[in-house]
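Here the sequence shown is numbered in the working numbering, starting from 1 and rising by one per residue. Inspection log for the structure reproduced underneath, given as structure tokens.
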Amino acid sequence: MSFLIFEKLFENQSSTYTYLLADSTTKEALIIDPVIDTIERDAKLIQQLGLNLRYAVNTHVHADHITGSGKLKALFPGCQSVLSNLSGANADIYLKDGEFIKIGESGKTPLALECRTTPGHTNGCMSFVWHDYGAVFTGDALLIRGCGRTDFQQGSADILFTSVHSKLFSLPDHYLVYPAHDYTGQTCSSILEEKTLNPRLTKSREEFIQIMANLNLSYPKQIDKALPANLLCGLQGDL
């Protein structure tokens, strides 16, 4: 009997969530937003479950940590790195809005993620909708009661507002929201919760832009190291 494997993992330093999805019959798997600091943990889990890692997917080019995609490619031959075609970074596969990424094609119920471009935090932000499960992996575009900052790396509050409202809030209310980060200990939300309770994105466009312009956040600690590395699949200085 085929079933889906869904593991939620966390990296403490950057408060990043990594998601491992797999089909139990074919053993094909993909991982979303792996972090280089926890690759040993993630690789051990993949090996314990006997999975064939096909894709290392990033929701965008991160500024707060180095991706583990390159390391995973070295550990699991055949694994390919995946990014939005608008990311501006190196990857094996570039996805466009409306395309699907699938694993377990030979099984009766392949796992398919719909790719939706959700720019605003960065130009290359992409969210992945898992319709069969009723969930969406939102990266930094939509966080639990928040959203990604828009003050660097091609950020635009106006564009982010449009992305969230048109591409994410248009999903059914019951869809679960799995973000790339959370800083308060929460693990999951829902489209309905964020449409009604998000203190930024429940405001008008003008109010949202004003809020984002006045966050006064500190400069990301790892950005000068993470951005150049992530443009090269997390392998700068290693090859």
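Just so it is clear, CB atoms sit at the ideal spot from N, CA and C, and this is done for glycine as well.
Whether or not the region 199-209 and the region 55-64 are in contact is what I'm after, with contact meaning three or more pairs of Cβ atoms, one per stretch, closer than 8 Å; do they touch? no
For valine 164, the nearest candidate out of Val136, Phe152, Gln154 (CA to CA): Position 164 of the sequence shown, counted from the start, is the residue given in the question as residue 164. Of the candidates Val136, Phe152, Gln154, the one whose C-alpha sits nearest the C-alpha of valine 164 is Val136.
If I measure Cβ to Cβ from phenylalanine 161 and keep anything under 6 Å in the same chain, skipping five residues before and after, which residues do I get? If you number the sequence shown from 1, residue 161 lands on position 161. Arg205, Phe208, listed in sequence order.
Any contact between the region 113-124 and the region 148-157? By contact I mean 3 or more CB pairs, one from each, below 8 Å. yes
Ranges of the beta strand (DSSP E) found wholly within the region 66-104, counting only runs of at least 3: 80-84, 93-95, 100-103
So, helix, strand or coil for lysine 167, using DSSP? Position 167 of the sequence shown, counted from the first residue, corresponds to residue 167. Correct three-state label for lysine 167: helix.
Could you tell me which residues DSSP puts in a beta bridge with glycine 139? On the sequence shown, residue 139 is found 139 positions in, with the first residue counted as 1. Paired residues: Pro179.
Can you give me the Cβ contacts of proline 172 inside the same chain, cut-off strictly under 8 Å, excluding the 5 residues immediately before and after it? Sequence index remark: in the sequence shown, residue 172 carries index 172 (1-based). Excluding residues within five positions, the ones whose Cβ falls inside 8 Å are Gly134, Ile191.
Quick check: the region 92-111 against the region 35-46, are there 3 or more CB pairs under 8 Å? no
Kindly indicate the opening and closing residues of the beta strand (DSSP E) around alanine 29. What you label residue 29 is simply residue 29 of the sequence shown in a count that begins at 1. Here the beta strand (DSSP E) through alanine 29 covers 28-32.
Nearest neighbour of lysine 225, chosen from Ser127, Ala63, Cys233 [CA to CA]: As a working mapping, residue 225 is identified with position 225 in the sequence shown. For lysine 225, the nearest C-alpha among the options comes from Ala63.
Taking Cβ to Cβ, would you say leucine 75 is nearer than 9 Å to isoleucine 5? For the purposes of this step, residue 75 is identified with residue 75 of the sequence shown, where counting begins at 1. For the purposes of this step, residue 5 is identified with residue 5 of the sequence shown, where counting begins at 1. Their beta carbons are not under 9 Å apart, which means leucine 75 does not touch isoleucine 5 by this criterion.
May I ask you to report which of helix, strand or coil DSSP gives glycine 237? Taking the sequence shown and counting its residues from 1, the one referred to as residue 237 is at position 237. Annotation note: pLDDT 45 at glycine 237 (below 50); position unreliable, no value reported.
If you reduce the DSSP assignment to three classes, tell me which class alanine 22 lands in. Taking the sequence shown and counting its residues from 1, one reaches residue 22 at position 22. Reduced to three states, the DSSP call for alanine 22 is strand.
With DSSP as the reference, identify every bridge partner of alanine 56, one or two as the case may be. The count along the sequence shown starts at 1 and reaches residue 56 at position 56. Answer is Ile31, Ser81.
Reference proline 220; option with closest CA among Leu111, Asn85, Gln13: Looking up residue 220 in the sequence shown gives position 220. Measuring from the Cα of proline 220, the nearest candidate turns out to be Gln13.
If we call anything under 9 Å between Cβ atoms a contact, is isoleucine 36 one with histidine 65? Within the sequence shown, numbered from 1, the residue matching residue 36 stands at position 36. Within the sequence shown, numbered from 1, the residue matching residue 65 stands at position 65. Yes.
Member of Ser189, Tyr94, Cys79, Ile159 whose CA lies at the smallest distance from the CA of asparagine 52: Counted from its first residue, the sequence shown places residue 52 at position 52. Ranking Ser189, Tyr94, Cys79, Ile159 by Cα distance to asparagine 52 puts Cys79 first.
Other residues of its chain near methionine 212: CB distance less than 7 Å, five sequence neighbours each side excluded: Sequence index remark: in the sequence shown, residue 212 carries index 212 (1-based). Cβ within range, chain order: Thr150, Ala157.
Measure the CB-CB distance between serine 189 and isoleucine 144 and report whether it falls below 9 Å. Along the sequence shown, one-based indexing puts residue 189 at 189. Along the sequence shown, one-based indexing puts residue 144 at 144. Taking 9 Å as the Cβ cut-off, serine 189 and isoleucine 144 qualify as a contacting pair.
For arginine 54 and leucine 86, which I take to be in contact (beta-carbon distance under 8 Å), what is that distance rounded to the nearest angstrom? The sequence position of residue 54 within the sequence shown is 54, counting from 1. The sequence position of residue 86 within the sequence shown is 86, counting from 1. Their Cβ separation, rounded to whole angstroms, is 22 Å, which puts arginine 54 and leucine 86 out of contact at 8 Å.
Cβ-based burial, glycine 88 [other Cβ within 10 Å; buried from 16]: Here residue 88 refers to the residue found at position 88 of the sequence shown. Looking at its Cβ environment, which holds fewer than 16 other Cβ atoms inside 10 Å, glycine 88 is exposed.
Find out if the Cβ-Cβ distance for the pair threonine 138, proline 179 is shorter than 9 Å. Here residue 138 refers to the residue found at position 138 when the sequence shown is read from its first residue. Here residue 179 refers to the residue found at position 179 when the sequence shown is read from its first residue. Cβ atoms of threonine 138 and proline 179: closer than 9 Å.
Would you kindly check if the distance between the Cβ of leucine 176 and the Cβ of arginine 116 is under 9 Å? Sequence index remark: in the sequence shown, residue 116 carries index 116 (1-based). Sequence index remark: in the sequence shown, residue 176 carries index 176 (1-based). Not closer than 9 Å, so no.
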